[in-house]
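There are 2 protein chains.
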Amino acid sequence: MAQPLYLQIADDLEEQIRSGDLSPGSQLPTEDDLRDKYRASRNTVRDAIKRLVGQGLVETRPGQGTFVTTKVDPFVTVLTGKPAIAGGEGPFYLSEVNAEHRKPFRTTPRVEVQTAPGMITRRLRVPSGTHLVSRHEQRYIDDLPWSLQTSFYPMEFIARGATRLLIAEDITQGAVDYLAEAIGLEQIGYRDWITARRPDSNEQRFFRISHDSTVFEIFRTGFDQHRKPMRVTVTVFPADRNQFIVNTGDDLPDPRYDDLPDA
Amino acid sequence: MAQPLYLQIADDLEEQIRSGDLSPGSQLPTEDDLRDKYRASRNTVRDAIKRLVGQGLVETRPGQGTFVTTKVDPFVTVLTGKPAIAGGEGPFYLSEVNAEHRKPFRTTPRVEVQTAPGMITRRLRVPSGTHLVSRHEQRYIDDLPWSLQTSFYPMEFIARGATRLLIAEDITQGAVDYLAEAIGLEQIGYRDWITARRPDSNEQRFFRISHDSTVFEIFRTGFDQHRKPMRVTVTVFPADRNQFIVNTGDDLPDPRYDDLPDA
DNA sequence: GCAAATTTGTTCGTATGTATT
DNA sequence: CAATACATACGAACAAATTTG
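Chains as they are written, first to last, in my numbering: chain A, 9 to 271; chain B, 9 to 271.
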């Protein structure tokens, strides 16, 4: 056995998909058809398909069939930028490359007061177990689920007068601008910490992705004029439709007109 | 059937792993033992284990058994930094956070002249099919495979006098400094384009990761004083042991003393 | 060095459950 | 309700990798 049969079948199907012989959105032959075609058992065919599902090349729908996944035009987020511009864009400075026609939408925040996980308190440099204000929202682009975002602020900000943080309303002017105006906290910069991991069950449901796909998780820590962390924002993006740009150095050419990802 | 049996088994094992009942590196009961314990067939037990493998919680070794994966202390790369400091560090400004004791090592480059893929020529803004110099190297940290890096330069640079680009030797002073000195090209900045994807078979072999794991792929385009792209570097990192930091704004506190990832 | 024992990997056949049309 | 298609589960057999005696 040079190669296991299920791998031969998977490779053959993968080749058909990559060559365009099986176009995105089209249906694969049913498992029974593939069983006849490759003279294998149905279980072996299913092992091959499982592999393709894991690779994100196809998706199965019970009662319907197996279909070649359609690639979405990836959404590109620029992580760097002059912090001052961030106002009105929400916690993230989202500059969408190649997205002229795209319509972002986000839910009104779900506001809670909770004891945050160590991942957050450590970054905010507060004792673990401290109560924090969290503002969670779901974000869509063109009605496609795009990211899940949660921002954490110290409770202390409320006492100092930033009461709108507790209200479940979009802070349209931008939370950064609001904090500057309300309690005189200026964000002088931020640090993004980029990781990748598997989605939890919530994320699988919201993004409609499988358990063995990948999400980016970006922790953004904002620092005030005293170089102290003033807030932490955690954003989760499905890796299959998100990419990121980081610019270092001033006056770089606009990425919009080159650097395009492969079609 | 509230939950499929193989998911119940997987969840139970996952719980044992997360609780520390099964510690990292330790061996799970054999498939036959698990078959008896859960009164399921061996195939059902194997389905459960496959799921855990996909989640990266365990790894199987033919002839030996199934073992709880040991998490490596992640390696953190800072993507932003004053470009001037990059000299001597190689194409990437690699500032290792929490890495005092770690020893980086890289192979001597494999140098080729090739027609690069569209992904590269598009970023370099040269016609597709143009010949480019590529310098490929494998990079290790503490003898663990850490990243695969390939840099592309226009052939024209050779004619203009940067002949050392063609030599399969480490350019210890840094390629950026060398180009400045040899042909007067200054890198004024760069752009990183961050994506995630599945590893190809080469990468699976080199990093010793499975086909359904994830790698980061970072395209770094360097720009010269005329704001034209002067080189493109592609680096691939396995996602299970790599994280990235992006700083926006000056004078942020050192991430080394906070922001530590969870143990 | 070799053979046996152990353990995971592949493949088949079969039966039944669940979702969709 | 019936037909179709994928999902789960069991049992069995043999192959391949590794360790042990």
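Even for Gly, the Cβ is constructed at its ideal location relative to N, Cα and C.
Open item on the list: Going by DSSP, what residue range makes up the beta strand (DSSP E) through Ala204 (chain A)?
Closed with: Gln195 to Arg205
- [ ] Determine which residues share a DSSP beta bridge with Tyr148 (chain A) and list them.
- [x] DSSP, once it has assigned bridges, lists A:Phe113 and A:Pro153 as partnering Tyr148 (chain A).
Task: Length-filtered (4 minimum) alpha helix (DSSP H) runs lying within the segment 205 to 266 of chain B - done: 209 to 215
Task: Min CB distance Asp200 (chain B) to chain A below 8 Å - done: yes
- [ ] Using alpha carbons as the reference points, say which of B:Ala124, B:Pro153, B:His144 and B:Arg172 lies closest to Phe83 (chain B).
- [x] Of the listed residues, the one whose Cα sits closest to Phe83 (chain B) is B:Pro153.
Task: First through last residue of the alpha helix (DSSP H) which encompasses Gly33 (chain A) - done: Neither: Gly33 (chain A) is in no alpha helix (DSSP H) and is coded neither H nor E.
Open item on the list: Measuring CB atoms only, is the segment 224 to 236 of chain B touching the segment 136 to 150 of chain B, in the sense that at least three cross pairs come out at less than 8 Å?
Closed with: no
Open item on the list: For Ser136 (chain B) and Tyr161 (chain B), what's the separation of their Cα atoms in angstroms?
Closed with: Using only the alpha carbons, I get a separation of about 14 Å.
- [ ] In the DSSP assignment, find the beta strand (DSSP E) that holds Glu67 (chain A) and state where it starts and stops.
- [x] Per DSSP, Glu67 (chain A) belongs to the beta strand (DSSP E) from Val66 to Arg69.
Task: Cutoff 8 Å: Phe83 (chain B) Cβ touching any chain A Cβ - done: no
Open item on the list: Whether or not the segment 253 to 262 of chain A and the segment 19 to 28 of chain B are in contact is what I'm after, with contact meaning three or more pairs of Cβ atoms, one per stretch, closer than 8 Å; do they touch?
Closed with: no
Open item on the list: Can you look up Thr158 (chain A) in the DSSP assignment and give me helix, strand or coil?
Closed with: strand
- [ ] Spell out a yes or no on whether the segment 121 to 134 of chain B and the segment 159 to 175 of chain B are touching, meaning 3 or more CB-CB pairs, one atom from each, closer than 8 Å.
- [x] Note that the segment 121 to 134 of chain B touches the segment 159 to 175 of chain B; at least 3 beta-carbon pairs, one per stretch, sit closer than 8 Å.
Open item on the list: Measuring only the C-alpha atoms, how far is Asn250 (chain B) from Asp232 (chain B)?
Closed with: 29 Å
TODO: For Glu142 (chain B), count neighbouring Cβ atoms within 10 angstroms of its own Cβ and tell me buried if that reaches 16, exposed if not.
DONE: In the sequence as presented, Glu is not what sits at residue 142 (chain B); that position holds Ser. Flag for Ser142 (chain B) reads buried.
- [ ] Measuring alpha carbon to alpha carbon, tell me which of B:Arg26, B:Asp41 and B:Ser49 ends up nearest Thr78 (chain B).
- [x] B:Arg26
Open item on the list: Tell me the rounded alpha-carbon separation between Ser203 (chain B) and Glu177 (chain A).
Closed with: Note that residue 203 (chain B) is Thr in the sequence shown, not Ser. Roughly 33 Å separates the two Cα atoms.
- [ ] Enumerate in chain order the residues of its own chain whose CB-to-CB distance from Val80 (chain B) is below 6 Å, with the five nearest sequence positions on each side excluded.
- [x] Arg249
TODO: With DSSP as the reference, label Gln24 (chain B) as helix, strand or coil.
DONE: helix
- [ ] Look up Val61 (chain B) in the DSSP assignment and say whether it is helix, strand or coil.
- [x] helix
TODO: Tell me whether Thr138 (chain A) sits in a helix, a strand or coil according to DSSP, three-state version.
DONE: Coil.
Open item on the list: Could you give the first and the last residue of the continuous beta strand (DSSP E) run that contains Arg118 (chain A)?
Closed with: From DSSP, the beta strand (DSSP E) with Arg118 (chain A) extends over Arg118 to Thr123.
- [ ] Ignore the nearest five residues each way along the sequence and tell me which others in His139 (chain B)'s own chain have a CB closer than 8 Å to its CB.
- [x] Val121, Gln122, Thr123 and Met163
Task: Bridge partner(s) assigned by DSSP for Arg143 (chain B) - done: B:Val119 and B:Ser159
- [ ] Would you kindly check if the distance between the Cβ of Thr222 (chain B) and the Cβ of Ala183 (chain A) is under 8 Å?
- [x] no
Task: Closest residue to Pro12 (chain B) among B:Gln35, B:Arg59, B:Asp40 and B:Thr38 (Cα-Cα distance) - done: Residue B:Arg59 is the option with its Cα nearest to Pro12 (chain B).
Task: For Arg84 (chain B), the three-state DSSP class (helix, strand or coil) - done: Per the sequence shown, the amino acid found at residue 84 (chain B) is Val instead of Arg. Residue state, collapsed to three classes: strand.
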